[in-house]
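Report on one structure; see the data block that follows.
Residue numbers (the numbering used here), protein chains in the order written: chain A, 72 to 175; chain B, 2 to 130.
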């Protein structure tokens, strides 16, 4: 194989999607949707990640969902708390789901 | 091992912290961070030390419970598993910071290895290598 063919196959190797973590690699620098333990959802731009799913996200919006039960009517009130942070490091053991961006 | 003792030219293994993003937290040592814990307690302070497992110590810390109760602490140790988020100054560029720190650590370990191999008195020999 010539050097050009070797280099091309090396680039193909790097771009290959072999394991689930490679799907996250494809989402680098794009907006992702992350679900965390404790009914938390995060949307942000993925800057970095690792095999533990530790992540660094930019332009982050966090939504915390909590259910309150009214004392009198006993109905469930779903409350959401939102927070915007410019930059965030997330420890991977809280992450339950990472979703690639929606293509519009 | 000196260059003459190295028989197999194996590539040097990267240090353990470079295999995960904990190197970013270690790069934040010395800066002010807010660590939000899994029990919704937040601690703001200067990051004194972070080890390869992400266990952290903060100095001059303020600990805020979800109820809003604030406590001043000289030094606090946070177990790695308790960390949910690490907030840092938005002026920090993560990739640039990791690169800068990586260079510093590499230069530092190289300098240490040279001193160990050649000894502090044989600096001339070390420079030629």
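Ideal Cβ placement from N, Cα and C applies to all residues, glycine included. None of these values were measured; they are calculated from a predicted model.
Residue-chain proximity (residue i, chain A), Cβ-Cβ < 8 Å
i: residue 12(B); result: no
i: residue 22(B); result: yes
i: residue 50(B); result: no
i: residue 78(B); result: no
i: residue 45(B); result: no
i: residue 103(B); result: no
i: residue 95(B); result: yes
Length of the line joining the Cα atoms of residue i and residue j
i: residue 127(A); j: residue 155(A); result: 14 Å
i: residue 57(B); j: residue 76(A); result: 47 Å
i: residue 46(B); j: residue 80(B); result: 15 Å
i: residue 103(A); j: residue 169(A); result: 7 Å
i: residue 51(B); j: residue 98(B); result: 15 Å
i: residue 145(A); j: residue 41(B); result: 27 Å
i: residue 110(A); j: residue 39(B); result: 12 Å
i: residue 97(A); j: residue 117(B); result: 43 Å
i: residue 86(A); j: residue 143(A); result: 58 Å
i: residue 158(A); j: residue 120(B); result: 45 Å
i: residue 68(B); j: residue 22(B); result: 31 Å
Residue i at chain B interface by Cβ criterion, 8 Å
i: residue 93(A); result: no
i: residue 137(A); result: no
i: residue 127(A); result: yes
i: residue 122(A); result: yes
i: residue 119(A); result: yes
Under 7 Å by beta carbon: chain A residues contacting residue i
i: residue 87(B); result: 160
i: residue 15(B); result: Those within 7 Å of residue 15(B) in chain A number zero; the least Cβ separation is about 13 Å.
Listed by chain order, chain B residues near residue i by CB distance under 7 Å
i: residue 130(A); result: Result: empty, since nearest Cβ-Cβ is about 10 Å, beyond 7 Å.
Chain-order list of residues whose beta-carbon lies under 6 Å from that of residue i (same chain, five-residue window excluded)
i: residue 134(A); result: 112, 151 and 153
i: residue 65(B); result: 43 and 71
Beta-carbon proximity list for residue i, same chain, < 8 Å, skipping 5 on both sides
i: residue 101(A); result: 116, 117, 171 and 172
i: residue 107(A); result: 113, 161, 165, 166 and 167
i: residue 25(B); result: 95, 98 and 99
Per-residue contacts from residue i into chain B (C-beta, under 8 Å)
i: residue 164(A); result: 82
i: residue 157(A); result: 91
Spatial neighbours of residue i in its chain, beta-carbon cut-off 7 Å, leaving aside the 5 residues before and after
i: residue 175(A); result: Here residue 175(A) scores only 44 on pLDDT, less than 50, and its place in the model should not be relied on; the value that follows carries that caveat. For residue 175(A), where only same-chain residues beyond five positions count, there are no Cβ hits under 7 Å.
i: residue 73(B); result: 63
Per the contact definition of three or more C-beta pairs closer than 8 Å, is the segment 85-92 of chain B in contact with the segment 27-37 of chain B?
-> yes
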